[in-house]
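Here the structure comes first, spelled out in structure tokens, and everything after it is commentary.
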Amino acid sequence: MKIVSFGECMLELSRSADGEAKLRFGGDTFNTALYLARLGVKVRYATALGADVWSQEMKAAWAEEGVDLDLVLTDPHRLPGLYAIRTGAAGERTFSYWRETSAARNFFRLPGSEQALAAMAEADLLYVSGISLSLFDDADRAQLQAVARTVRDRGGDVAFDPNYRPRNWASADEARRVIADFAPLVTVALPTFEDEAALHGDATPEATAERWRSHGAREVVVKLGPDGALLADDSGLHHIATAPVDPVDTTGAGDSFNAGYLHARLSRQDAPSAVRAGHALARRVIRYPGAIIPR
-8 MKIVSFGECM
2 LELSRSADGE
12 AKLRFGGDTF
22 NTALYLARLG
32 VKVRYATALG
42 ADVWSQEMKA
52 AWAEEGVDLD
62 LVLTDPHRLP
72 GLYAIRTGAA
82 GERTFSYWRE
92 TSAARNFFRL
102 PGSEQALAAM
112 AEADLLYVSG
122 ISLSLFDDAD
132 RAQLQAVART
142 VRDRGGDVAF
152 DPNYRPRNWA
162 SADEARRVIA
172 DFAPLVTVAL
182 PTFEDEAALH
192 GDATPEATAE
202 RWRSHGAREV
212 VVKLGPDGAL
222 LADDSGLHHI
232 ATAPVDPVDT
242 TGAGDSFNAG
252 YLHARLSRQD
262 APSAVRAGHA
272 LARRVIRYPG
282 AIIPR
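Numbering follows our numbering, in which position 164 of the sequence shown is assigned residue number 155; successive positions increment by one, without gaps.
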């Protein structure tokens, strides 16, 4: 199967328990791609990086992890984005970003982008997030929508995590409009209830699930953090609990859950089993600092 994840990977600056600064890399759709690769899935990551030493180090690390790089474009005039994580006592995190002129934002204007988009359109599974959408203007997003439409029309899956981050959007109205435009192309929706409540005012996870099903998603998994997840599909609504864990850092929780879920579904497991697989991987990841844990 052809699996493509699309978005941006950035340099990640965090502080360890002893106060030492750590420089790693991460980004929501990349994190999911990496964990899919660790689970044995052949996955291509579509993005753009610079020609600088940091970009070269990132690509070398990705290749070592088994992520396919043939859809990684190069912008010699730009650098990767950077984000810093501050982690609270309960493992909850806040982010600061420096990404306005990152290479990834120029993806659709770079040499090789037409070929990359054509390859993405041949995917059996295309994975995109709301953060991916927030990077681009409407003209660029229209090209991504065309790719997603081709994937869905060919019988493939378009998996989408809205991953709403207010700072990434000019306004909540813009975020709602852009996500609503993309939503009818989604076959597998992986929202987080906290994000959906903030963006749409959803009172319950059921409301979130109903909205995504009404857009046409075949499967919806509403992530509920320590309360598990709500699965909605043709068989109805199913709440699936997760085991308690004391988190060190929840940075990669949703991204790793998505990888565990998608891997299980690609392996022909049923949806409830896939939710449990997502929970199991996320529980491992949040026991470590940073989005990407040691192998």
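We treat Cβ as the ideally placed atom computed from N, Cα and C, and that holds for glycine. Since the structure is predicted, the reported quantities are computational estimates derived from the model, not experimental observations.
> Helix, strand or coil: which one does DSSP assign to Lys13?
Replying inline: In the structure shown, Lys13 sits in a strand (DSSP, three-state: E or B).
>> Can you confirm whether the segment 9 to 17 touches the segment 162 to 178 when touching is taken to mean that 3 or more C-beta pairs between the two stretches lie within less than 8 Å?
In response: The segment 162 to 178 is not in contact with the segment 9 to 17.
> Under a Cβ-count criterion, where at least 16 other Cβ atoms within 10 Å of its own Cβ denotes burial, should Gly243 be classed as buried or exposed?
Replying inline: With 16 or more other Cβ atoms within 10 Å, it is buried.
> Got a sec? Which residues, its chain only, sit under 7 Å from Ala107 by beta carbon, not counting five neighbours each side?
Replying inline: Setting aside the 5 residues that flank it on each side, Ala107 is surrounded in the same chain by Ala37, Leu62 and Leu64, each with a C-beta closer than 7 Å to its C-beta; the list follows chain order.
> In terms of DSSP beta bridges, what is Lys214 paired with?
Replying inline: Answer is Thr183 and Ala220, bridged to Lys214.
> Between the C-alpha atoms of Pro153 and Arg275, what's the straight-line distance to the nearest angstrom?
Replying inline: C-alpha separation (whole angstroms): 23 Å.
> Measuring CA to CA, which of Phe151, Glu201, Leu215 and Tyr279 is closest to Asp225?
Replying inline: Checked all of Phe151, Glu201, Leu215 and Tyr279; the closest Cα to Asp225 is Glu201.
>> With a threshold of 7 Å on Cβ separation, who are the neighbours of Asp131 within its own chain once the five nearest residues in sequence on each side are excluded?
In response: Excluding the 5 residues flanking it on each side, Asp131 has same chain C-beta neighbours closer than 7 Å at Phe99, in chain order.
> Are the segment 17 to 31 and the segment 49 to 62 touching, with three or more C-beta to C-beta distances below 8 Å?
Replying inline: Because the criterion of three Cβ pairs below 8 Å is met, the segment 17 to 31 and the segment 49 to 62 touch.
> Based on Cα-Cα distance, which residue from Thr199, Leu253, Met49 and Thr178 lies nearest to Ala188?
Replying inline: For Ala188, the nearest C-alpha among the options comes from Thr199.
> Could you give the uninterrupted runs of the alpha helix (DSSP H) lying entirely in the segment 96 to 137, keeping only those of 4 residues or more?
Replying inline: Those alpha helix (DSSP H) runs which fall completely within the segment 96 to 137 and span 4+ residues are 104 to 111 and 121 to 125.
>> If distances are taken between C-alpha atoms only, which option among His191, Val44 and Ala24 comes closest to Tyr155?
In response: Here the closest residue by C-alpha is His191.
>> Going by DSSP in three states, Leu60 sits in which element: helix, strand or coil?
In response: Leu60 falls in the coil class under three-state DSSP.
>> In this structure, how does DSSP classify Asp43 when only helix, strand and coil are distinguished?
In response: Asp43 falls in the coil class under three-state DSSP.
> Over what stretch of residues does the alpha helix (DSSP H) that includes Gly251 continue unbroken?
Replying inline: Start and end: Ala244 to Leu257.
> If you pair each beta-carbon of the segment -7 to 4 with each one of the segment 202 to 222, do three or more pairs fall below 8 Å?
Replying inline: Judged by Cβ distances under 8 Å, the segment -7 to 4 makes no contact with the segment 202 to 222, as fewer than three pairs qualify.
> How close, in whole Å, do the beta carbons of Pro280 and Asp240 come, if the pair is a contact with beta carbons under 8 Å?
Replying inline: Taking a contact as a CB-CB distance under 8 Å, the pair Pro280 and Asp240 counts as one, their CB atoms being some 5 Å apart.
> Can you tell me whether DSSP reads Glu(-1) as helix, strand or coil?
Replying inline: Per DSSP, reduced to three states, the secondary structure at Glu(-1) is coil, with no helix or strand assignment.
> Where does the unbroken beta strand (DSSP E) through Ser205 begin, and where does it stop?
Replying inline: Per DSSP, Ser205 lies in no beta strand (DSSP E); the unbroken alpha helix (DSSP H) holding it starts and ends at Pro196 to His206.
>> Can you give me the C-alpha to C-alpha distance between Ala80 and His254, rounded to a whole angstrom?
In response: In this model, Ala80 and His254 are separated by some 32 Å (Cα to Cα).
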